[in-house]
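In this note's numbering, the protein residues as written are 101 to 306.
All residues carry an ideal CB built from backbone N, CA and C; glycine is no exception.
Keep in mind the model is a prediction, meaning the values are calculated, not measured.
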């Protein structure tokens, strides 16, 4: 079912206030911050290998504030929201007709990762945890593996629970439970999650 025209106007007005039009481009596909169906970049922004779903708009979020603003605009205009991690799904499950798609692939800045070094017993017998990391939701398996290797000394034996494909995003990996070649040594990726920070439907943090 289509949203009423007034809602579309309200959505676009709110997004333009939060994300003023600019010539800047973002991400691997060199996209504007906000992409609408009539824009020439819309096909790339949808990132749909199969299918022809048509989101109402795609927002390239760089920060938590970007996510919050996009969620707030969608909620106020009566639109549903679909977050997208890295867009690795062939089925393009994050692209729903008429939804506001919030692309989080830019939310990965290794220089801003928050690490801790601490030890304790872990869920697998004989295993220890030696620290934690708070990354962004747009990071990939490859980024997490590299960051772990850089932060922890080889003799510490650090191993991050990751999947098999370097380009898969950690959000999709964890939402699927988090299975990979290292699972027998680390446990499922979802077992390693201690805390999540999120923006909920009304634009507030949780």
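Taking DSSP as the reference, what is the three-state secondary structure of residue 270? The DSSP-derived three-state label of residue 270 is helix.
Tell me the DSSP secondary structure of residue 128 in three-state form. In the structure shown, the three-state DSSP call for residue 128 is coil.
Start and end of the alpha helix (DSSP H) containing residue 171? In the DSSP assignment, residue 171 falls within the unbroken alpha helix (DSSP H) covering 164-177.
Assuming residue 289 and residue 274 form a contact by the criterion Cβ under 8 Å, report the distance between their Cβ atoms to the nearest whole angstrom. Yes, they are in contact, since the Cβ atoms of residue 289 and residue 274 sit about 5 Å apart, within 8 Å.
Can the beta-carbon of residue 248 be found less than 7 Å from the beta-carbon of residue 260? Result yes, Cβ atoms of residue 248 and residue 260 sit closer than 7 Å.
Does the Cβ-Cβ distance between residue 236 and residue 207 come in under 7 Å? Yes, the pair counts as a contact, with Cβ atoms nearer than the cut-off.
Pair every Cβ in the region 132-148 with every Cβ in the region 207-221, then say whether three or more of these pairs are closer than 8 Å. The region 132-148 makes no contact with the region 207-221, as fewer than three CB pairs between them are under 8 Å.
To the nearest angstrom, how far is it from the Cα of residue 195 to the Cα of residue 148? Roughly 8 Å separates the two Cα atoms.
Is there contact between the region 108-127 and the region 173-190, where contact requires at least three CB pairs shorter than 8 Å? Three or more Cβ pairs drawn from the region 108-127 and the region 173-190 lie within less than 8 Å of each other, which places the two stretches in contact.
Applying the 10 Å Cβ sphere with the 16-neighbour rule, what's the burial state of residue 131? Buried.
Would residue 204 and residue 238 be called neighbours here (beta carbons separated by less than 7 Å)? Closer than 7 Å, so yes.
From 126, 218 and 151, pick the residue whose C-alpha is nearest to that of residue 158; which is it? Checking every option, the nearest Cα to that of residue 158 belongs to 126.
Between the CA atoms of residue 198 and residue 242 - distance to the nearest angstrom: Roughly 32 Å separates the two Cα atoms.
Would you kindly check if the distance between the Cβ of residue 212 and the Cβ of residue 231 is under 7 Å? Going by C-beta atoms, residue 231 is not nearer than 7 Å to residue 212.
Assigned secondary structure, residue 183 (DSSP; H/G/I helix, E/B strand, else coil): In the structure shown, residue 183 sits in a strand (DSSP, three-state: E or B).
Residue 305, DSSP secondary structure in three states: In the three-state reduction of the DSSP assignment, residue 305 falls in the strand class.
Restricting to Cα atoms, I'd like to know which of 201, 160, 161 and 295 is closest to residue 180. The residue with the shortest Cα to Cα distance from residue 180 is 201.
Between which residues of its own chain and residue 160 is the CB-CB distance below 7 Å, once the five residues before and five after are set aside? The beta carbon of residue 160 sits closer than 7 Å to those of 126, 127, 131, 133, 203 and 206, all from its chain and outside the five residues before and after it, given in chain order.
Helix, strand or coil: which one does DSSP assign to residue 102? With a pLDDT of 48 at residue 102, under the threshold of 50, the modelled position of that residue is not reliable, and no figure is offered here.
Measuring only the C-alpha atoms, how far is residue 168 from residue 234? Distance between the alpha carbons of residue 168 and residue 234: 19 Å.
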